[in-house]
Amino acid sequence: MPGAGGGTGVRVTRAADGTVQIAVPAAPGPAFVRAVLDVAGAVLTWPVLGTAALPAAEVHDPGRAQQWLWAVYGERTAAAVHALAAVPPGVSVDVAPPESPESETALAGYAARLALGHWAARWWPASYTDGIPALEPDLLGMELAALTHRCQQLFDDPEDQPDGDPAELLETHQAALDSLVRWWQAARESASGPVRQLDGVLRLIDDAADCAGVAGDAVRRLRSALETGAPYDPRGSHELRTPLGLGSLFARSGGYALAAGERLVPGGRVIARGSGTNDWRRYPPGFVDPSESAVSWTVSAVGAGRVIEVEAVADVAAPVGGVRLAAEVRVEGGPPTLVSLARRGDVWAGRADLDVPASLPPRTRVEVGVLLPGFDPDPDPELDPEADTEPGPGPGTDGADGRADRDAVRALARHRLAAAALPEPQGTYPQPFPAPFLAEIVAAATADAGEDF
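So that you can map any letter, position 249 of the sequence shown is 249 in the UniProt record's numbering, and since no number is skipped, the others follow by simple counting.
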């Protein structure tokens, strides 16, 4: 993710659909390697794994977008967007970067950080199997509220831009506020930890709550602590209760110890087993552990029939009831079989009869992928005849690029956690990656302490 600054030229184009597009050099990729912000009159996109200094933009309302275009791209690009809004489709202009980086504001950097935070809330690859701890959602949400308030120049209508409503973020994630203030007080007392970052986040939260009219006991306690600097205790005592560690301060609920599921087909003879494909695009974030080894299958002989069992390791945040996933199974590229998967303990599990030869050859290709019916962005027409799409990728066919992108996201998460664990993490992040989020610092601390996540 980029910071603000000059040095990067852009191409501005009037597209056939009437939008004005701002293109920057960046590698394409699936949704989980792109950070996106819905802003006034446009959608901004950054490559999470790339080094683009500025976002790409699709401007659908150039008039509304003028309030921030100059602050993100510079006056030349803002003028080009204004000019191209009145010309026929197909016209493009190349805009040179500003002569002086100082001519730009810091809004581009804050916007990039906000987009990365929303990406982390959706796509962070927390995995029990891979050893990547989760980010505490309320803690991340509070920092996103602070960043959203700082980036208000980007937004003009919370109803139209869901990413631009700090009040909603504050109300949704207010449970972390007391712990944030206690962390800030403890860090000030010991002169350790990200004191300046905590102070900045809390003061932005206080200002955002005041501007949006968000009230509540936690907000009042925050305001009192900031105004008086007195030791903070949500229970009314004047004694500062410094936490034993960040893990105890931001205790996560929902942790589990992975347990192997019992066989669904007792007495069957196993004739084949393997791992399936875990394509993150085919189910909502938080349903399945994102590890490459999270999906497994077994084909058993039961009498004269053949039965396939599929298991997928459930994410810590996965819903317990009311939702069923599905496994899409193909044998030697044949027609798909859909296996319903129900949550059973720490796994999604299900079974179905399989139409395969009585004697399954050793090298038979069995492809298994997990999806949520109705959510899959590329449904297979054989399974969903009413879908108005091209044939989907199918299980196990997202290719080497899909696996490489997922591996790169895991590497990014591990890099950020390693940097967040250092005593002074703010200076350890090479561009284009900004400093750690508070939720990353807590996740790194709890992982180092060997706490369950």
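Ideal Cβ positions, reconstructed from N, Cα and C, are used throughout, including at glycine.
Item to complete: Using alpha carbons as the reference points, say which of 161, 189, 217, 156 lies closest to residue 462.
Response: No statement about residue 462 is possible, as the shown extent of the chain runs from 1 to 453 and does not include it.
Discussion item. Using 9 Å as the threshold, is the C-beta distance between residue 142 and residue 174 below it?
Written reply: yes
Worksheet item: From which residue to which residue does the beta strand (DSSP E) around residue 325 run?
Response: 325-331
Discussion item. Checking 9 Å against the spacing of the C-beta atoms, do residue 147 and residue 121 come in under that value?
Written reply: no
Worksheet item: What residues in its chain sit with their C-beta under 6 Å from that of residue 151, if we drop five residues either side in the sequence?
Response: 110, 111, 114
Item to complete: Can you say whether residue 227 is buried or exposed, counting buried as having 16 or more other CB atoms within 10 angstroms of its CB?
Response: exposed
Fill in: Reference residue 157; option with closest CA among 182, 327, 406, 41
41
Worksheet entry | Beta-carbon separation (whole angstroms), residue 48 vs residue 135, contact threshold 8 Å | Going by Cβ atoms, the distance from residue 48 to residue 135 rounds to 15 Å, so no, they are not a contact pair.
Worksheet item: Taking C-beta to C-beta, are residue 370 and residue 286 nearer than 9 Å?
Response: The Cβ atoms of residue 370 and residue 286 do not sit closer than 9 Å to each other.
Practice prompt. Identify whether residue 309 lies in helix, strand or coil by the three-state DSSP scheme.
Written response: strand
Discussion item. Let's test the definition: count the other Cβ atoms within 10 Å of the Cβ of residue 159 and tell me whether it reaches 16, buried, or not, exposed.
Written reply: Using a 10 angstroms sphere on the CB of residue 159, the tally of other CB atoms stays under 16, which defines it as exposed.
Discussion item. Can you confirm whether the region 61-75 touches the region 197-209 when touching is taken to mean that 3 or more C-beta pairs between the two stretches lie within less than 8 Å?
Written reply: no
Discussion item. Restricting to runs no shorter than 3 residues, where is the beta strand (DSSP E) found entirely within the region 141-186?
Written reply: none
Worksheet item: In the region 68-110, which residue ranges form an unbroken beta strand (DSSP E) of at least 3 residues, counting only runs that do not cross its ends?
Response: Correct list: 92-95.
Worksheet entry | Residue closest to residue 68, alpha-carbon to alpha-carbon, out of 356, 437, 106 | 106
Fill in: Straight-line Cα distance separating residue 125 from residue 39
26 Å
Item to complete: Count the other CB atoms, across all protein chains shown, that sit within 10 Å of the CB of residue 289; report buried if there are 16 or more and exposed otherwise.
Response: buried
Worksheet entry | Euclidean distance between Cα positions of residue 204 and residue 350 | Looking at the two C-alpha atoms, the distance is approximately 48 Å.
Worksheet entry | Counted within 10 angstroms of its Cβ, other Cβ atoms place residue 365 as buried (16 or more) or exposed | exposed
Item to complete: Determine the DSSP secondary structure at residue 389, reduced to helix, strand or coil.
Response: For residue 389, the predicted structure reports a pLDDT of 43, less than 50, and the residue's modelled location is therefore unreliable. The matter cannot be settled from this model.
Item to complete: Please determine, among 283, 128, 363, 54, the residue with the shortest C-alpha to C-alpha distance to residue 96.
Response: 54
Worksheet item: With 16 as the cutoff for other CB atoms within 10 Å, does residue 65 come out buried or exposed?
Response: buried
Item to complete: Mind checking which residues open and close the alpha helix (DSSP H) that includes residue 196?
Response: 195-212
Worksheet item: Under a Cβ-count criterion, where at least 16 other Cβ atoms within 10 Å of its own Cβ denotes burial, should residue 14 be classed as buried or exposed?
Response: Buried.
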